[in-house]
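Student:
Residue numbers (full-length UniProt numbering): 1 to 158.
1) Considering only DSSP beta bridges, list what residue 37 is partnered with.
2) Would you call the segment 134-151 and the segment 101-109 touching, i.e. three or more CB-CB distances under 8 Å?
3) Within a Cβ cutoff of 7 Å, which residues of the same chain sit near residue 152, ignoring the five residues on either side of it in sequence?
4) If the criterion is Cβ atoms closer than 8 Å, does the pair residue 9 and residue 56 meet it?
5) Whole angstroms are fine: how far does the CA of residue 25 sit from the CA of residue 16?
6) Grab me the residues of residue 65's own chain with a C-beta within less than 8 Å of its C-beta, minus the 5 sequence neighbours each way, in chain order.
7) Please classify residue 82 as buried or exposed, where buried requires at least 16 neighbouring CB atoms within 10 angstroms.
8) So residue 87 is in the alpha helix (DSSP H); what residue range does that whole segment cover?
9) On the criterion of 16 or more Cβ atoms from any shown chain inside 10 Å, does residue 87 qualify as buried, or is it exposed?
10) Closer than 7 Å to a non-hydrogen atom of the ligand HEM - does that hold for the CB of residue 39?
11) Hey, could you find the ends of the alpha helix (DSSP H) residue 58 is sitting in?
12) In this structure, how does DSSP classify residue 135 when only helix, strand and coil are distinguished?
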């Protein structure tokens, strides 16, 4: 079953950067958009995300997004980590200002950065010199994985 029409944003929340991706209007393919530097350095779980939240809202309006999908990192054992708590904090703050018609979703993002790094390495890119690209590629992996899982589900959103 097909997803409802509309673009979706994919977000990879990191300690120093936030990668952002967007889907096409039919939610078939995710592509990179940009990488935000986290203001004031790495966040703790309670820190405000003012500038970062504002930019995500601007992009949601610009792309007329119907949903924002945020990756929640967990350890390979499935346990929550400091990064998980930080991403949850980002989601909680985003939820307070996101327009009601824009759905906020979270998804497991284990290994998205590893996957993105591997893809860049396969393309002949030096991952350490391409950190901002890795964050965008991780956001693409998060969003594409979510889209694919929704399309594969027998009761996919419509």
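Backbone N, C-alpha and C fix where the C-beta goes; we use that ideal spot for every residue, glycine too.
Since we're looking at a predicted model, the values are computed, not measured.
Tutor: With the given structure in hand:
1) In DSSP, residue 37 forms a bridge with 17.
2) Output reads yes: the segment 101-109 touches the segment 134-151.
3) none
4) yes
5) 30 Å
6) 6, 7, 8, 9, 22, 59, 102
7) exposed
8) 82-95
9) By the Cβ neighbour-count rule, residue 87 is buried, with 16 or more other Cβ atoms within 10 Å of its own.
10) No copy of the ligand HEM occurs in the structure displayed, which carries no ligand at all.
11) 50-62
12) helix
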